[in-house]
Amino acid sequence: IRLVQLKPGMGADTLSCSLKIFSDFATAPRYDALSYCWGDMRDRSSLRVTKNLSAALHRLRQRGQSQPIWADAICIDQENISERNQQVSIMDEIYRHALRILVWINEGHE
(Lines of atoms letter the chains of each structure in order from A and count residues from 1; the text may use other names and numbers.)
(Lines give C-alpha, C1' and ligand atoms only; values in the text may rest on other atoms or scores of the structure.)
Protein backbone atom coordinates (compact mmCIF):
# COMPACT_ATOMS: atom_id res chain seq x y z
CA ILE A 1 0.00 0.00 0.00
CA ARG A 2 1.25 3.47 -0.88
CA LEU A 3 0.39 6.38 1.41
CA VAL A 4 0.80 10.13 1.08
CA GLN A 5 2.59 11.69 4.04
CA LEU A 6 0.95 15.12 4.06
CA LYS A 7 3.32 17.65 5.63
CA PRO A 8 2.03 20.30 8.06
CA GLY A 9 0.86 23.64 6.72
CA MET A 10 -1.77 26.32 7.00
CA GLY A 11 -4.27 27.96 4.68
CA ALA A 12 -2.96 28.64 1.20
CA ASP A 13 0.60 27.46 1.98
CA THR A 14 1.97 25.24 -0.77
CA LEU A 15 1.15 21.57 -0.25
CA SER A 16 4.11 19.40 0.57
CA CYS A 17 4.02 15.62 0.79
CA SER A 18 5.97 12.45 0.22
CA LEU A 19 4.94 8.95 -0.81
CA LYS A 20 5.74 5.97 1.37
CA ILE A 21 5.28 2.33 0.39
CA PHE A 22 4.37 -0.35 2.93
CA SER A 23 4.51 -4.08 2.23
CA ASP A 24 1.12 -4.73 3.83
CA PHE A 25 -1.54 -3.21 6.05
CA ALA A 26 0.15 -4.53 9.21
CA THR A 27 3.27 -2.42 8.57
CA ALA A 28 1.37 0.71 7.50
CA PRO A 29 0.60 3.41 10.06
CA ARG A 30 -2.98 4.36 10.87
CA TYR A 31 -4.18 6.49 7.98
CA ASP A 32 -7.21 8.35 6.73
CA ALA A 33 -8.69 7.32 3.39
CA LEU A 34 -10.03 10.18 1.32
CA SER A 35 -13.06 9.65 -0.88
CA TYR A 36 -13.70 12.58 -3.19
CA CYS A 37 -15.15 13.65 -6.52
CA TRP A 38 -12.25 13.66 -8.97
CA GLY A 39 -13.40 16.77 -10.82
CA ASP A 40 -12.31 17.88 -14.28
CA MET A 41 -9.11 16.06 -15.29
CA ARG A 42 -8.08 19.08 -17.39
CA ASP A 43 -8.26 21.28 -14.29
CA ARG A 44 -5.03 20.29 -12.50
CA SER A 45 -2.74 21.97 -10.02
CA SER A 46 1.07 21.69 -9.96
CA LEU A 47 0.94 18.48 -7.87
CA ARG A 48 -0.61 16.77 -10.86
CA VAL A 49 -3.87 16.33 -9.00
CA THR A 50 -7.23 17.87 -9.72
CA LYS A 51 -8.05 21.14 -8.03
CA ASN A 52 -10.74 19.34 -6.03
CA LEU A 53 -8.19 16.93 -4.52
CA SER A 54 -5.78 19.82 -3.92
CA ALA A 55 -8.53 21.73 -2.06
CA ALA A 56 -9.32 18.65 0.06
CA LEU A 57 -5.65 18.17 0.99
CA HIS A 58 -5.33 21.86 1.90
CA ARG A 59 -8.32 21.52 4.25
CA LEU A 60 -7.21 18.21 5.77
CA ARG A 61 -3.59 18.97 6.58
CA GLN A 62 -2.73 19.83 10.14
CA ARG A 63 -0.60 22.63 11.52
CA GLY A 64 1.89 20.82 13.68
CA GLN A 65 2.28 17.31 12.34
CA SER A 66 2.40 15.35 9.13
CA GLN A 67 -0.31 12.81 8.54
CA PRO A 68 -0.68 9.70 6.40
CA ILE A 69 -3.53 9.79 3.91
CA TRP A 70 -4.63 7.45 1.15
CA ALA A 71 -6.06 9.16 -1.94
CA ASP A 72 -6.42 7.05 -5.08
CA ALA A 73 -5.19 9.62 -7.62
CA ILE A 74 -1.86 9.89 -5.79
CA CYS A 75 -1.45 6.49 -4.13
CA ILE A 76 -2.25 4.45 -7.23
CA ASP A 77 -0.01 4.83 -10.28
CA GLN A 78 -2.74 5.85 -12.72
CA GLU A 79 -0.45 5.29 -15.74
CA ASN A 80 0.33 1.67 -14.80
CA ILE A 81 -2.74 -0.32 -15.86
CA SER A 82 -1.78 -3.55 -14.06
CA GLU A 83 -1.05 -1.69 -10.80
CA ARG A 84 -4.23 0.30 -11.13
CA ASN A 85 -6.29 -2.87 -11.66
CA GLN A 86 -4.59 -4.61 -8.72
CA GLN A 87 -5.09 -1.62 -6.40
CA VAL A 88 -8.72 -1.15 -7.43
CA SER A 89 -9.32 -4.82 -6.56
CA ILE A 90 -8.17 -4.19 -2.95
CA MET A 91 -9.85 -0.82 -2.43
CA ASP A 92 -12.36 -2.40 -0.06
CA GLU A 93 -9.42 -3.48 2.15
CA ILE A 94 -7.82 -0.04 1.86
CA TYR A 95 -11.00 1.60 3.12
CA ARG A 96 -11.60 -1.10 5.75
CA HIS A 97 -8.12 -0.65 7.28
CA ALA A 98 -8.37 3.14 7.36
CA LEU A 99 -8.66 4.88 10.71
CA ARG A 100 -11.25 7.19 9.17
CA ILE A 101 -12.88 7.55 5.77
CA LEU A 102 -13.13 11.21 4.89
CA VAL A 103 -15.54 12.39 2.19
CA TRP A 104 -14.91 15.57 0.19
CA ILE A 105 -17.42 16.73 -2.42
CA ASN A 106 -15.97 20.07 -3.54
CA GLU A 107 -15.37 23.58 -2.35
CA GLY A 108 -17.64 25.39 -4.76
CA HIS A 109 -20.72 24.74 -6.80
CA GLU A 110 -20.55 22.80 -10.05
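If you number the sequence shown the way the working numbering does, the last residue is 159 and the count never jumps. Note that the Cβ used here is the ideal one computed from N, Cα and C, for glycine as well.
### Query
Taking the runs of the alpha helix (DSSP H) that are 4 residues or longer, which of them lie wholly in the region 105-143?
121-124, 130-138
### Sequence-distant residues of its chain with Cβ nearer than 7 Å to residue 80 (five each side left out)
52, 117, 118, 119, 147, 148
### Message
Assuming contact is defined by CB atoms lying nearer than 8 Å, are residue 55 and residue 110 in contact in what I supplied?
### Response
yes
### Query
In its own chain, which residues sit with a C-beta less than 6 Å from the C-beta of residue 58, not counting the 5 before and 5 after it?
110
### Message
For residue 142 and residue 127, I'd like the C-alpha separation in whole angstroms.
### Response
19 Å
### Task
Can you give me the Cβ contacts of residue 153 inside the same chain, cut-off strictly under 6 Å, excluding the 5 residues immediately before and after it?
85, 105
### Query
Straight-line CA distance for residue 131 to residue 138?
11 Å
### Task
May I have the straight-line CA-CA distance separating residue 94 from residue 82, to the nearest angstrom?
Reliability fails at residue 94, whose pLDDT of 49 lies under 50, so the model's placement of it is uncertain and the value that follows must be treated cautiously. Computed Cα separation, rounded: 21 Å.
### residue 76 to residue 70 span [Cα, whole Å]
10 Å
### Task
Compare the Cα-Cα distances from residue 68 to each of 133, 102, 155, 125 and report the closest residue.
125
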